[in-house]
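Here's the structure we're looking at; comments come further down.
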Amino acid sequence: MPVLVIAQHNNSTINPATLNTVTAARKIDADVHVLVAGSDNQAAADAAAKIHGVKKVIKVDAPELEKRLAENHAPVIAANADGYSHILAPATTFGKNVMPRVAALLDTQQISDIIDVIDGDTFKRPIYGGQAIAEVKSSDSQKVITVRPTAFDAVDADGGSAEASDGAASGDAGLSSFVGLEASESDRPDLSSAKIVVSGGRGFGSKENFAMIEALADKLGAAIGASRAAVDSGYVPNDYQVGQTGKVVAPELYIAVGISGAIQHLAGMKDSKVIVAINKDEEAPIFSIADYGLVADLFDAVPELTDKL
Amino acid sequence: MKVLVPIKRVIDYNVKVRVKADNSGVELNNVKMSMNPFDEIAVEEAIKLKEVGKVTEIVVVSIGPDKAADVMRTAMAMGADRGILVKTDAALDLGGVEPLAVAKTLKALVDKESPDFVIMGKQSIDDDSNQTGQMLAALLGWAQGTFASKVVLGDGKVDVTREVDGGLETVSLKLPAVITTDLRLNEPRYVKLPDIMKAKKKELEEITPEDLDVDYTPRLTVVSVSEPPVRSGGVKVASVDELIDKLKNEAKVI
Ligand SMILES: Cc1cc2nc3c(=O)[nH]c(=O)nc-3n(C[C@H](O)[C@H](O)[C@H](O)COP(=O)(O)OP(=O)(O)OC[C@H]3O[C@@H](n4cnc5c(N)ncnc54)[C@H](O)[C@@H]3O)c2cc1C
Ligand SMILES: Nc1ncnc2c1ncn2[C@@H]1O[C@H](COP(=O)(O)O)[C@@H](O)[C@H]1O
């Protein structure tokens, strides 16, 4: 049976996490279809049709789908899920918000945040903040799954030529409306997919001091991440938080500065290829997973590092 | 307004988890258990709303073993008015009561209690599912405001600011609705000893899943639970120069 991937998009472009989700889907079955639900979303549907390995794109275009309101999206996904054995979406805040609602509509027990596909019924997922890995086997006939993007390579965004079709809309549920988005946009690479991430923690002591990390990130062309403590203290916006309950990243290089290395933080970055820790406390748990540890005062080390790069 | 707050008893967030030798699960015997941190935030928010006169009654609900009464007493010591414990000895982290079953239980309780809204955690720190609130909203046909960092209750509606990947999104929801909490919503208060004593006198009703006619048969079977790949620490470098050298010439990442 074909499998259905729910595209994350902004009506014109496809969010890269969709490409990792397609890889996971292809491990289940080669017949991968993509649902692009939105409003005025022809450009996004066209982009989806070019994704390598996608056989068919279903576009649903309706005004109530412009924003990603779960109340309006979930019924559309459920209504278009007929004939699919698996329905997958990335485990981003979009997927996390909408997919459990779909699962409940279909009376199926969602499998969250998978990191491996064993077979069509069996998947691996981290539990307890990545302190254990569970392999679970689903007995539901239709499976709703969210996919941890960093655990699967991205397929090529180009090269495919999927068949296009239109799917049915479900109307406005009339339960919710979009008020606004306070976007925390920056010119830096996207945190979730950046090759290099420089993360700061409570060690910076203030928002003003945290700016120091920006110079370092600029030098490296890196994205900026943060610990919960740095976000709670207002040094950076909420979506910079890396960890069990924030973003999961796995860059080539992760530099943790002034971060102690709590389990909840490690959960979001320990699959990075190379980890550097800069901390003045040589006992800090972050050193136990760092490839290169520098015991130093960050107020000396960060400017020096920025200078010398 | 009446509010229902589902709270879960989980392993304390400070505990280092150990996988059982037979790979059947994680060790929960003689391990410190607490209220799921996100649920504490939900309880706190309900109390804050009661303090400003918008909420009149706070009912906490937990699905779990007898011991789950402990976290319910904590919630009552914080300020919740009464509790309903749905008693089960099934596992709550995996292989037992799953989010869909929890959501169905909560739906049955909502049907009985008719709250004006439900506020709960976004995620249990044991199963890390992040599902139950969204599922409950679907089963009830209600709006959902997930990952909330701000909640503004209005007349027949609630505005929820949500922590999303792109920043902060605000949605306006028709009441009744389900709200799930994120870390920045508030800072839960500490309970004081006299409040713990007072909480013991508050009403705690015990019922069973059968009373609510909810089926707890799991849909997922646990094949195995294993340790994650261990990442051993590498080397300490003595200086910034040595660090740059290693990154350039050994790791070749810059
Ligand atoms: C439910 C829940 C969910 C959570 N989710 C997350 C999550 O997703 N992500 C996350 O990160 N955390 C999360 N946490 C929080 C986590 O438990 C830690 O509290 C947090 O990660 C600590 O942040 P930190 O390392 O910046 O601060 P701290 O632990 O205070 O560490 C600061 C570090 O800076 C060092 N330092 C101080 N000054 C200097 C200096 N001048 N030079 C060099 N080093 C210095 C110190 O030695 C220390 O190691 C969560 C917690 C809970 C309860
Ligand atoms: N056994 C339970 N009893 C009460 N509430 C629960 C239970 N399990 C989950 N919840 C609620 O659902 C939220 C999300 O849990 P989960 O979907 O398991 O990540 C939690 O933060 C709780 O508010």
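Going line by line, the protein sequences match chains A and B. Once you know that position 74 of the first sequence is 144 in our numbering, the rest is easy, because the numbers rise by one and skip nothing. Once you know that position 55 of the second sequence is 48 in our numbering, the rest is easy, because the numbers rise by one and skip nothing. Backbone N, C-alpha and C define an ideal beta-carbon position, used for all residues, glycine too.
Nearest-angstrom beta carbon gap, residue j and residue i [assumed within contact, 8 Å]
| i | j | result |
| --- | --- | --- |
| S269 (chain A) | A296 (chain A) | 6 Å |
| A144 (chain A) | A231 (chain B) | A144 (chain A) to A231 (chain B), Cβ: 55 Å. No contact. |
| T163 (chain B) | V249 (chain A) | 4 Å |
| N142 (chain A) | A243 (chain A) | 5 Å |
| G291 (chain A) | I266 (chain A) | 7 Å |
| A114 (chain A) | G108 (chain A) | 6 Å |
| D152 (chain B) | V(-4) (chain B) | Actually they are not in contact, since the Cβ atoms of D152 (chain B) and V(-4) (chain B) sit about 16 Å apart, beyond 8 Å. |
| Q311 (chain A) | V327 (chain A) | Incorrect: roughly 15 Å between the Cβ atoms, too far for contact. |
| V344 (chain A) | I283 (chain A) | That belief does not hold up - the Cβ atoms of V344 (chain A) and I283 (chain A) are roughly 18 Å apart, past 8 Å. |
| P170 (chain A) | M128 (chain B) | 5 Å |
| D74 (chain B) | V45 (chain B) | So it is not a contact: roughly 16 Å between Cβ atoms. |
8 Å Cβ cut-off: residues of chain B touching residue i
| i | result |
| --- | --- |
| P196 (chain A) | D121 and P221 |
| V365 (chain A) | K229 |
| V344 (chain A) | L240, A244 and V246 |
| D302 (chain A) | L176 and R177 |
Residue i: contacting residues in chain B (beta-carbon distance under 9 Å)
| i | result |
| --- | --- |
| Y154 (chain A) | Here the premise fails: no neighbours, minimum Cβ distance about 17 Å. |
| Y362 (chain A) | G227, V228, K229, V230, E235, L236, K239, L240, E243 and A244 |
| F274 (chain A) | In chain order: nothing, as chain B lies at least about 18 Å away. |
Interface partners of residue i on chain A, CB under 8 Å
| i | result |
| --- | --- |
| I247 (chain B) | I266, L290, L323 and L379 |
| S217 (chain B) | A204 and E205 |
| L87 (chain B) | I197, A204 and V206 |
| E91 (chain B) | Q179 |
| E96 (chain B) | A small fix is needed here, since residue 96 (chain B) is Ala in this sequence, not Glu. Under the 8 Å cutoff, chain A gives A174. |
Beta-carbon neighbours of residue i, restricted to chain B and to distances below 7 Å
| i | result |
| --- | --- |
| R298 (chain A) | L176 |
| Q212 (chain A) | None at all; the shortest Cβ gap to chain B is about 11 Å. |
| K340 (chain A) | R224 |
| A149 (chain A) | Residues of chain B passing the Cβ test: none, with the nearest at roughly 13 Å. |
Residue span of the beta strand (DSSP E) that contains residue i, given as start and end
| i | result |
| --- | --- |
| A325 (chain A) | The sequence shown places Ile at residue 325 (chain A), rather than the Ala named in the question. Note, I325 (chain A): beta strand (DSSP E), L323 to V327. |
| L78 (chain B) | R75 to K80 |
| V50 (chain B) | Per the sequence shown, the amino acid found at residue 50 (chain B) is Glu instead of Val. Its beta strand (DSSP E) spans residues E50 to G57. |
| D131 (chain A) | V124 to D131 |
| G363 (chain A) | Y362 to V365 |
| T139 (chain B) | A136 to L146 |
| V157 (chain B) | K150 to V157 |
| T210 (chain B) | From DSSP, T210 (chain B) is part of no beta strand (DSSP E); its letter is neither H nor E. |
| N85 (chain A) | Premise fails: N85 (chain A) is in no beta strand (DSSP E) and is neither H nor E. |
| K207 (chain A) | A202 to S208 |
| R195 (chain A) | T192 to I197 |
Closer than 7 Å at the beta carbon, the chain A residues around residue i
| i | result |
| --- | --- |
| S142 (chain B) | N308 |
| A130 (chain B) | R171 |
| T139 (chain B) | N167 |
| V79 (chain B) | Residues of chain A passing the Cβ test: none, with the nearest at roughly 18 Å. |
| I51 (chain B) | Those within 7 Å of I51 (chain B) in chain A number zero; the least Cβ separation is about 24 Å. |
Within chain D, partners of residue i - CB distance below 9 Å
| i | result |
| --- | --- |
| F248 (chain A) | No chain D is present in this structure, whose protein chains are A and B. |
First through last residue of the alpha helix (DSSP H) which encompasses residue i
| i | result |
| --- | --- |
| K43 (chain B) | P30 to E44 |
| I237 (chain B) | V233 to D238 |
| H335 (chain A) | I333 to L336 |
| E284 (chain A) | K277 to L290 |
| T173 (chain B) | Unbroken run through T173 (chain B) is the beta strand (DSSP E), A170 to T174; no alpha helix (DSSP H). |
| V146 (chain A) | A140 to A149 |
| L93 (chain B) | P92 to E106 |
| R66 (chain B) | A61 to M71 |
Contact list for residue i against chain A, beta-carbon separation under 9 Å
| i | result |
| --- | --- |
| A136 (chain B) | L139, A140, E141, A243, L245 and S246 |
Closer than 7 Å: residue i CB and nearest ligand 4 heavy atom
| i | result |
| --- | --- |
| A35 (chain B) | Of the ligands this structure carries, namely ligand 1 and ligand 2, none is ligand 4. |
Would the stretch 205 to 219 of chain A count as touching the stretch 178 to 191 of chain A if we require 3 or more Cβ pairs under 8 Å? Short answer: they touch.
Any 3 or more C-beta pairs closer than 8 Å across the stretch 83 to 92 of chain B and the stretch 9 to 19 of chain B: The stretch 83 to 92 of chain B is in contact with the stretch 9 to 19 of chain B.
Between the stretch 344 to 356 of chain A and the stretch 365 to 376 of chain A, do at least 3 Cβ pairs fall closer than 8 Å? Here the stretch 344 to 356 of chain A makes contact with the stretch 365 to 376 of chain A; the two share three or more CB pairs at distances below 8 Å.
To be precise: take each residue of the stretch 159 to 172 of chain B, compare its Cβ to all Cβ atoms of chain A, and keep it if any distance is under 7 Å. Which residues remain? Here the close residues are G159, G160, L161, E162, T163, V164, S165, L166 and K167.
At a CB distance below 9 Å, what residues from the stretch 163 to 176 of chain A approach chain B? Give them in sequence order. Cβ contacts with chain B come from T163, F164, K166, N167, V168, M169, P170, R171, V172, A173, A174 and L175.
Does the stretch 169 to 181 of chain B come close enough to the stretch 29 to 36 of chain B that 3 or more CB-CB pairs lie under 8 Å? Counting C-beta pairs with one atom in each stretch, the stretch 29 to 36 of chain B and the stretch 169 to 181 of chain B have three or more that are closer than 8 Å, which means they touch.
Can at least three beta-carbon pairs, one atom from the stretch 155 to 175 of chain A and one from the stretch 145 to 164 of chain B, be found at a separation below 8 Å? The stretch 155 to 175 of chain A makes contact with the stretch 145 to 164 of chain B; the number of CB pairs closer than 8 Å reaches 3 or more.
Okay, do the stretch 95 to 103 of chain B and the stretch 195 to 210 of chain B touch, 3+ Cβ pairs below 8 Å being the bar? Yes, the stretch 95 to 103 of chain B touches the stretch 195 to 210 of chain B.
Does the pairing of the stretch 212 to 230 of chain A with the stretch 317 to 328 of chain A give three or more beta-carbon distances under 8 Å? Judged by Cβ distances under 8 Å, the stretch 212 to 230 of chain A makes contact with the stretch 317 to 328 of chain A, as three or more pairs qualify.
Could you tell me whether the stretch 113 to 129 of chain B touches the stretch -3 to 5 of chain B, where touching means 3 or more Cβ pairs closer than 8 Å? Contact between the stretch 113 to 129 of chain B and the stretch -3 to 5 of chain B is present, with at least three C-beta pairs closer than 8 Å.
Cβ contact (3+ pairs, closer than 8 Å) linking the stretch 190 to 199 of chain B and the stretch 57 to 77 of chain B: Yes, the stretch 190 to 199 of chain B is in contact with the stretch 57 to 77 of chain B.
Please name the residues in the stretch 146 to 157 of chain B whose beta-carbon is closer than 7 Å to at least one beta-carbon of chain A, in chain order. Those residues of the stretch 146 to 157 of chain B that come within reach of chain A (Cβ to Cβ, closer than 7 Å) are D152, E156 and V157.
For the stretch 200 to 217 of chain B, list every residue whose C-beta sits within 7 Å of some C-beta in chain A, in sequence order. For the stretch 200 to 217 of chain B, residues whose beta-carbon sits nearer than 7 Å to a beta-carbon of chain A comprise R212, L213, T214, V215, V216 and S217.
Using a beta-carbon distance cut-off of less than 8 Å, what residues from the stretch 0 to 25 of chain B approach chain A? Under the 8 Å Cβ criterion, the stretch 0 to 25 of chain B contributes I4, Y6, K9, V10, V12 and V19.
Contact between the stretch 248 to 262 of chain A and the stretch 148 to 158 of chain A (3+ Cβ pairs under 8 Å): Three or more beta-carbon pairs separated by less than 8 Å are not found between the stretch 248 to 262 of chain A and the stretch 148 to 158 of chain A, which leaves the two stretches without contact.
Between the stretch 105 to 121 of chain B and chain A, which residues of the former have CB atoms less than 7 Å from a CB of the latter, in chain order? If the cut-off is 7 Å between Cβ atoms, the stretch 105 to 121 of chain B has Q116, I118, D119, D120 and D121 near chain A.
Can we say the stretch 124 to 138 of chain A touches the stretch 96 to 108 of chain A, given the rule of at least three CB pairs closer than 8 Å? Flag = yes, the stretch 124 to 138 of chain A and the stretch 96 to 108 of chain A touch.
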